[in-house]
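To keep things clear, I will list the structure first and then write my remarks on it.
Number of protein chains: 2
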Amino acid sequence: MNNNRQWLLAKRPHGVVTRDNFEYAEGPIPEPGEGEVLVRNLFLSFDPTQRGWMEDRESYLPPVQIGEPMRAGSIGQVVESNNDEFAKGDIVQTTGGWQDFLVAAPGQGVMGLSKVPEGVPPEMMLSVLGVTGLTAYFGLLDLGEPKEGETVLVSGAAGATGSVAGQIAKIKGCRVVGIAGGPDKCRWLKEEAGFDDVIDYKNEDVDARIAETCPNKVDVFFDNVGGDILEAALNHINMKARVVLCGGISAYNATEPVPGPTNLMNLVIMRGRMEGFIVIDYMHRAGEAITDLMGWIGAGELKYQVDMQEGFDNIPDTLNRLFTGKNLGKQLLKIADPS
Amino acid sequence: MNNNRQWLLAKRPHGVVTRDNFEYAEGPIPEPGEGEVLVRNLFLSFDPTQRGWMEDRESYLPPVQIGEPMRAGSIGQVVESNNDEFAKGDIVQTTGGWQDFLVAAPGQGVMGLSKVPEGVPPEMMLSVLGVTGLTAYFGLLDLGEPKEGETVLVSGAAGATGSVAGQIAKIKGCRVVGIAGGPDKCRWLKEEAGFDDVIDYKNEDVDARIAETCPNKVDVFFDNVGGDILEAALNHINMKARVVLCGGISAYNATEPVPGPTNLMNLVIMRGRMEGFIVIDYMHRAGEAITDLMGWIGAGELKYQVDMQEGFDNIPDTLNRLFTGKNLGKQLLKIADPS
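Going down the list, the protein sequences come from chains A and B.
Residue 7 is where the first sequence starts when you use this note's numbering, and the numbers rise one by one after that.
Residue 7 is where the second sequence starts when you use this note's numbering, and the numbers rise one by one after that.
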């Protein structure tokens with residue numbers, strides 16, 4: 007039976023990802039071995055870091071190999087179980103990839119296999135309580151160390167990670183300014199997410215606007231973008247500033263190496279720190295983050311948005327929404343409804 | 007009486023500093039007020055950071071003003087004292103500037119005024135026990151946090167700061183590799199300062215040689231240079247690496263902004279930290295550093311070199327020795343012998 011639809015990595019990208027980088031295939035539905043379960047994917051997660059997984063280079067995870075289904079986090083439903091901890095019908099979180107069916111087991115793959123707690127909607131589990139929410143939580147709190155009254159600047163602020171990072175900073179008593187692209191995103195950040203101010207990088211002079219909106223300078227810069235935005239932020243860091251390097255989406259589709267900021271010496275003059283991290287290192291502390299995040303959501307202090315696309319055929323194009331900035335909030339795609 | 011010779015800042019540099027940036031002048035010998043002393047400069051300190059003081063921009067110290075004597079640390083001798091703590095003939099450390107005479111008092115100016123301890127040679131006080139030695143000590147130990155068995159890479163390794171940083175790392179049980187320009191400097195680092203290996207950036211492929219000499223990758227990079235050297239080092243950082251930004255001499259004479267490294271995302275992938283500092287912040291802990299440094303010198307574990315120029319007329323040209331790499335070790339200039 008060949009009814010496991012898949013999008014396989016067909017060739018490595020040079021620049022922007024297109025449908026040509028993937029090949030549609032239909033293969034057999036795999037059979038779970040001892041201790042394993044067969045999962046049907048319902049929702050796929052899209053994250054800027056997936057662009058890096060397509061490159062053949064050493065990184066924090068091995069590259070996706072040519073001919074393999076594209077790697078992606080997912081929420082699915084157990085179809086068949088050889089594992090006592092999982093029953094048919096359970097809603098689970100795993101690294102399902104761009105396909106209908108997969109075999110999974112706890113401790114295997116990037117995300118292992120875990121049940122989605124009763125009553126938590128899948129789109130919440132894949133966004134504010136998922137990798138992007140945890141990235142915001144640990145990056146901001148552990149590396150950024152925001153203190154009450156400090157100024158926190160966030161780039162990619164309307165994204166799934168940036169929007170949560172900014173709101174946590176507000177909860178911690180900081181002045182929070184977000185950088186995002188376009189009036190819709192900026193309006194949402196100010197009116198819904200409660201940011202103190204916003205900078206529309208598509209229509210404003212970012213450097214001048216940072217100076218204007220951060221009169222006490224920037225104590226924490228939570229950066230998802232890199233490039234010119236990082237350079238502009240470094241121009242305005244305060245003494246002992248913390249720059250949290252979360253991502254650098256501005257360069258992910260570049261075909262040539264992109265020069266870094268010309269003003270790294272500001273880190274010396276201002277005794278600043280710039281630090282990178284990967285949320286995988288914090289997975290053993292996920293419970294702590296999820297408890298806090300759920301509390302804030304329940305109290306109405308933390309808003310999140312999900313951009314839900316649909317349809318197996320739309321999977322490759324949905325990845326690009328992250329790079330063209332079309333997504334407002336966490337980018338997901340629904341493959342199927344639970345049975 | 008107009009016999010206080012001075013080199014005044016005449017115009018701000020654009021690119022390499024030349025004699026034209028300074029104006030020779032002879033002025034009156036100043037008179038010390040209450041609590042002040044008159045000091046005659048004997049030895050001047052030259053440091054790459056002085057290049058930054060000539061620029062009209064916000065930094066960790068105010069810029070030297072046009073018409074002012076160029077700022078510089080110095081060792082001098084008390085000629086006349088209105089302060090009970092200082093007697094005529096005392097050898098003192100202060101921020102004497104490029105001139106014969108100045109008025110100083112404790113707590114005034116960058117370095118204040120302090121007596122050089124009995125028996126400590128002035129050239130030791132201005133080098134390994136001075137600002138450059140303290141910079142190496144606090145930068146390496148407080149920011150770099152080297153652990154036994156780790157690999158420490160140092161750029162500008164034959165300089166007054168780099169050579170001390172590398173040797174402290176050796177004392178702490180690390181594998182230490184230095185990057186320096188030319189065979190003489192490299193030989194001194196290996197044969198005298200005990201570095202495990204050296205890279206001659208003028209004659210070798212730095213990136214390839216880091217890979218070769220740091221088989222376990224780089225845990226601490228102590229950077230005095232920036233630019234291409236920083237980029238090469240970032241290619242080879244280990245997990246949880248610490249990049250200590252001490253200086254960026256490669257760009258100090260640039261006339262256009264110099265792009266930063268293209269590979270800052272390696273800080274994300276490797277969970278690395280890059281941090282800047284200014285030694286002034288550590289001056290209250292100078293005693294702790296000097297005790298350790300003197301102990302290591304006494305035990306023969308810490309070598310230092312002084313490049314001593316002479317003559318008031320040679321002051322402007324001596325600054326450039328730092329940027330052409332002519333100096334081997336700490337750059338000083340003797341104006342006069344103590345009386």
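Beta carbons are placed, not taken as given, at the ideal position from N, Cα and C, and that holds for glycine.
Leaving out five residues before and five after residue i in sequence, what residues of the same chain have Cβ atoms less than 7 Å from its Cβ?
i: Pro322 of chain B; result: Trp13, Arg25 and Phe28
i: Ala31 of chain A; result: Gln12 and Leu14
i: Leu67 of chain B; result: Trp59 and Val116
i: Gly21 of chain A; result: Asn259 and Thr261
i: Gly41 of chain B; result: Asn88, Asn89 and Ala111
i: Val70 of chain A; result: Leu15, Trp59, Met60, Met76 and Arg77
i: Ser345 of chain A; result: Gln83
Counting along the chain, where does the alpha helix (DSSP H) carrying residue i start and finish?
i: Gln354 of chain B; result: Not covered by the structure: residue 354 of chain B. The range shown for chain B is 7 to 345.
i: Asn369 of chain A; result: Residue 369 of chain A lies beyond the range of chain A shown here (7 to 345); nothing can be said about it.
i: Gln56 of chain B; result: Gln56 to Trp59
i: Arg215 of chain A; result: Val212 to Thr219
i: Val137 of chain B; result: Val137 to Phe144
i: Leu270 of chain A; result: That residue, Leu270 of chain A, is in no alpha helix (DSSP H); it is neither H nor E in DSSP.
i: Lys246 of chain A; result: No alpha helix (DSSP H) contains Lys246 of chain A, which is instead part of the beta strand (DSSP E) from Ile243 to Leu251.
i: Ile174 of chain B; result: Ala166 to Ile177
i: Leu299 of chain B; result: Ala292 to Gly304
Taking C-beta to C-beta, are residue i and residue j nearer than 7 Å?
i: Asp225 of chain A; j: Thr157 of chain A; result: yes
i: Gly162 of chain A; j: Val231 of chain A; result: yes
i: Ala186 of chain A; j: Cys180 of chain A; result: no
i: Ile81 of chain B; j: Leu48 of chain B; result: yes
i: Arg277 of chain A; j: Lys246 of chain A; result: yes
i: Thr100 of chain A; j: Met117 of chain A; result: yes
i: Pro221 of chain A; j: Leu240 of chain A; result: no
i: Gly282 of chain B; j: Ser256 of chain B; result: no
i: His242 of chain A; j: Ile284 of chain A; result: no
i: Leu140 of chain A; j: Leu273 of chain B; result: no
i: Ile296 of chain B; j: Phe318 of chain B; result: no
i: Asp23 of chain A; j: Leu328 of chain A; result: It is Val, not Asp, that sits at residue 23 of chain A in the sequence shown. Cβ distance not < 7 Å, so Val23 of chain A and Leu328 of chain A don't count as in contact.
i: Ser65 of chain B; j: Ile275 of chain A; result: yes
i: Asn209 of chain A; j: Lys223 of chain A; result: no
i: Met271 of chain A; j: Gly254 of chain B; result: yes
i: Pro265 of chain A; j: Pro265 of chain B; result: yes
Assuming residue i is part of the beta strand (DSSP E), what are its boundary residues?
i: Ser80 of chain B; result: Ser80 to Ser87
i: Leu338 of chain B; result: Lys336 to Lys340
i: Asp343 of chain A; result: From DSSP, Asp343 of chain A is part of no beta strand (DSSP E); its letter is neither H nor E.
i: Trp13 of chain B; result: Asn10 to Leu15
i: Leu44 of chain A; result: Val43 to Phe52
Quick one: measure Cβ to Cβ for residue i and residue j, integer angstroms, because I've assumed they're closer than 8 Å.
i: Asp203 of chain A; j: Ala238 of chain A; result: That belief does not hold up - the Cβ atoms of Asp203 of chain A and Ala238 of chain A are roughly 15 Å apart, past 8 Å.
i: Ser51 of chain B; j: Leu299 of chain B; result: With a Cβ gap of about 16 Å, Ser51 of chain B and Leu299 of chain B do not count as contacting.
i: Ala110 of chain A; j: Val45 of chain A; result: 5 Å
i: Asn10 of chain B; j: Asp96 of chain B; result: With 8 Å as the limit, Asn10 of chain B and Asp96 of chain B do not qualify as a contact, their Cβ atoms being about 20 Å apart.
i: Glu61 of chain A; j: Arg18 of chain A; result: 6 Å
i: Trp104 of chain B; j: Met76 of chain B; result: 4 Å
i: Glu154 of chain B; j: Lys176 of chain B; result: With a Cβ gap of about 11 Å, Glu154 of chain B and Lys176 of chain B do not count as contacting.
Less than 6 Å between C-beta atoms, sequence neighbours within five positions excluded: which residues of the same chain meet that for residue i?
i: Val160 of chain A; result: Gly168, Ala171, Gly172, Gly184 and Phe228
i: Asp313 of chain A; result: Asn333, Leu334, Gly335 and Gln337
i: Arg279 of chain A; result: Arg248
i: Thr55 of chain B; result: none
i: Phe201 of chain A; result: Gly172, Val182, Gly184 and Leu195
i: Ala142 of chain A; result: Thr167, Val170 and Ala171
Give the residues of chain E in contact with residue i, contact being defined as C-beta atoms less than 7 Å apart.
i: Pro265 of chain B; result: The structure shown has no chain E; the protein chains it does contain are A and B.
Quick check: is any heavy atom of the ligand HEM less than 6 Å from the C-beta of residue i?
i: Gly184 of chain B; result: Ligands in the displayed structure: none, and consequently the ligand HEM is not present.
Apart from the five residues on each side of it in sequence, which residues of its chain come closer than 8 Å, Cβ to Cβ, to residue i?
i: Asp343 of chain A; result: Leu48
i: Pro36 of chain B; result: Asn10, Leu44, Phe107, Leu108 and Val109
i: Val79 of chain A; result: It is worth fixing the name first, because residue 79 of chain A is Gly in this sequence and not Val. Hits under 8 Å: Leu50, Ser51, Asp53, Gln99, Thr100, Thr101, Gly102, Val116, Met117, Leu132, Gly136 and Val137.
i: Arg63 of chain B; result: Pro69
i: Lys94 of chain B; result: Val84, Val85, Glu86 and Ser87
Practice item. Would you be able to state if there are at least three C-beta pairs under 8 Å between the stretch 120 to 129 of chain A and the stretch 146 to 154 of chain A? Key: Below 8 Å, too few C-beta pairs join the stretch 146 to 154 of chain A and the stretch 120 to 129 of chain A to call them touching: fewer than three.
Check your understanding: Does the stretch 254 to 267 of chain A come close enough to the stretch 188 to 199 of chain A to have 3 or more Cβ pairs within less than 8 Å?
Key -> Using a Cβ-Cβ distance cut-off of 8 Å, the stretch 254 to 267 of chain A and the stretch 188 to 199 of chain A are not in contact, since fewer than three pairs of beta carbons, one from each stretch, lie closer than that value.
Review point. Taking three-plus beta-carbon pairs below 8 Å as touching, is the stretch 71 to 87 of chain A in contact with the stretch 291 to 305 of chain A?
Key: Fewer than three pairs of CB atoms, one per stretch, sit closer than 8 Å, so the stretch 71 to 87 of chain A makes no contact with the stretch 291 to 305 of chain A.
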